[in-house]
Structures are given as C-alpha cells and as structure tokens.
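Comments concern the structure below.
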Amino acid sequence: MIPRPAPRGLSFICPRNCPEESDHPMALPSTIYRVTIQLSHVDRGIYETLQATLARHPSETAERLVLRLLAYAVCYGPELGFTRGIGAADEPDLWVKGPDDRVALWIEVGTPEPERLLKASRHACHVVLLAGAPNRSRWDGQHLARLAGVPNLTIIGLDFAFVRQLATRLERSIAWDVTISGGDLYVTIAGETLDASLEPLAGPPLFAV
8 MIPRPAPRGL SFICPRNCPE ESDHPMALPS TIYRVTIQLS HVDRGIYETL QATLARHPSE
68 TAERLVLRLL AYAVCYGPEL GFTRGIGAAD EPDLWVKGPD DRVALWIEVG TPEPERLLKA
128 SRHACHVVLL AGAPNRSRWD GQHLARLAGV PNLTIIGLDF AFVRQLATRL ERSIAWDVTI
188 SGGDLYVTIA GETLDASLEP LAGPPLFAV
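Counting from 8, one number per residue, gives the positions in the sequence shown under the working numbering.
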C-alpha cells in the first residue's frame with residue numbers, strides 16, 4: 008500500500024543555553040524537483056509543455072512522487088494544480104478548484120483508505136484515483152466493489168512495476184516525454200521509453216474528466 012504518510016513530528020528549537028543541539032533534531036526539509044513534461048495526450052487532443060516545481064516531503068517515497076506526476080499528465084487541464092501534498096491531510100494530491108472555491112476535481116494516488124475517497128466524493132464534483140501500490144490486488148479485492156457504486160468516482164489502475172522503473176530514474180531536474188493513446192501510457196526519459204496500460208477499474212471514463 009502507498010498510503011498518505013502522516014506528517015513528520017514537530018521540530019524542536021534548542022534554547023540558548025542548550026549544550027547539545029544534536030539532542031534536539033530538526034525535521035528534514037522537503038526536496039524540490041523541477042519538472043518539464045512534453046505531453047501528447049492523443050485521447051484528449053492535448054499537446055502541451057508542462058512545467059512545475061514539486062516538493063517531495065521527507066516521508067514521501069519516490070514511487071509516490073512518480074504517481075503524482077503521472078496523475079498530473081493523465082488528468083491535465085489548465086486549472087489543475089498540485090496541493091501541499093502529504094503534509095496537508097485535508098487536501099488531495101492534485102485538484103481543480105472553481106471560482107466559488109468548491110473542488111471541481113479531486114485527485115488521489117496510491118491506495119488510500121476508502122473512507123477518504125467516499126468523503127471526497129460527497130464534497131467534490133469528480134474524484135479520480137490513480138491506484139498503484141505493491142499490494143494493489145489485495146486493496147482491489149477489499150474495497151473496489153464498494154467504491155464502484157460511487158457515481159462520481161473514477162478509479163484507474165497502474166502497474167506498480169512501471170512506477171518503480173520510473174522512480175529509479177528520478178533526478179532533481181525531471182524531463183519526461185509523456186504520450187497517452189488508446190488508454191496506454193508511454194514515458195520517454197533520455198531516449199528510453201517505458202510503457203504501461205491505464206486500467207479502468209471503476210466509475211465513469213477518465214477521459215470524460
């Protein structure tokens with residue numbers, strides 16, 4: 008499972024007369040990634056150069072960061088943006104907010120608790136889960152039937168081996184060519200192309216989003 012990890016504990020500030028600062032460790036800072044994605048979303052007729060600056064929380068795995076980037080490409084729209092991430096439990100991984108501040112599109116990655124998705128579906132117009140984790144088959148068996156009845160929840164499965172391959176190639180400066188065609192996803196990094204299928208698991212078609 009790739010849950011949303013809990014935020015790290017509080018940082019401690021050593022008083023002026025503290026002799027050993029090492030006894031009071033500070034929280035680690037986030038790692039910043041600069042991202043450029045050449046997106047060819049054939050299924051939706053979108054051809055864009057996407058640029059973003061993405062913070063990776065100290066407790067976030069490389070695989071989860073990859074899933075967030077893939078969700079950004081798969082669900083891209085001009086108003087789609089990253090949230091504060093796993094440090095903000097009341098926010099998704101990505102979202103689109105309307106002028107009235109209501110969430111039009113709520114996007115999660117990994118295999119979150121079903122109650123989180125059900126709650127989001129009551130408040131957002133459309134919820135999308137890009138599901139990927141080492142134990143996803145178990146998660147599917149436990150929760151998919153229940154979630155399949157939610158009319159505004161779309162669940163798409165992604166082979167976690169593909170996610171791991173991308174995670175091993177992560178650099179602080181990310182340059183990907185992403186093509187989506189016929190429900191298949193292709194990511195080219197430094198001349199090497201990896202591919203996987205976007206597997207519809209539940210809900211309305213993703214590309215109607």
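Glycine residues also receive a C-beta, built at the ideal position from the N, C-alpha and C atoms. All of these numbers come straight from a predicted model, not from anything done at the bench.
Residue i, buried or exposed, once every other Cβ within 10 Å from all chains shown has been counted against 16
i	result
residue 54	exposed
residue 63	buried
residue 93	buried
residue 75	buried
residue 122	exposed
residue 206	exposed
residue 120	exposed
Straight-line gap, residue i to residue j (C-alpha atoms, nearest Å)
i	j	result
residue 209	residue 160	7 Å
residue 99	residue 158	19 Å
residue 168	residue 143	11 Å
residue 173	residue 97	28 Å
residue 194	residue 52	17 Å
residue 107	residue 115	22 Å
residue 133	residue 154	14 Å
residue 77	residue 66	19 Å
residue 87	residue 150	27 Å
Residue(s) in a DSSP beta bridge with residue i
i	result
residue 203	192
residue 164	138 and 206
residue 186	47 and 193
residue 178	Per DSSP, none; premise fails for residue 178.
residue 115	136
Host alpha helix (DSSP H) of residue i (start-end)
i	result
residue 170	167-174
residue 144	143-154
residue 73	69-81
residue 129	121-130
Cβ pair residue i, residue j closer than 7 Å
i	j	result
residue 118	residue 102	no
residue 57	residue 44	yes
residue 73	residue 59	no
residue 188	residue 49	yes
residue 177	residue 69	yes
residue 217	residue 46	The displayed coordinates of the chain run from 8 to 216. Any statement about residue 217 would go beyond what the structure contains.
residue 163	residue 125	no
residue 166	residue 140	no
residue 131	residue 146	no
residue 79	residue 179	no
Endpoints, beta strand (DSSP E) assigned at residue i
i	result
residue 47	38-48
residue 55	53-63
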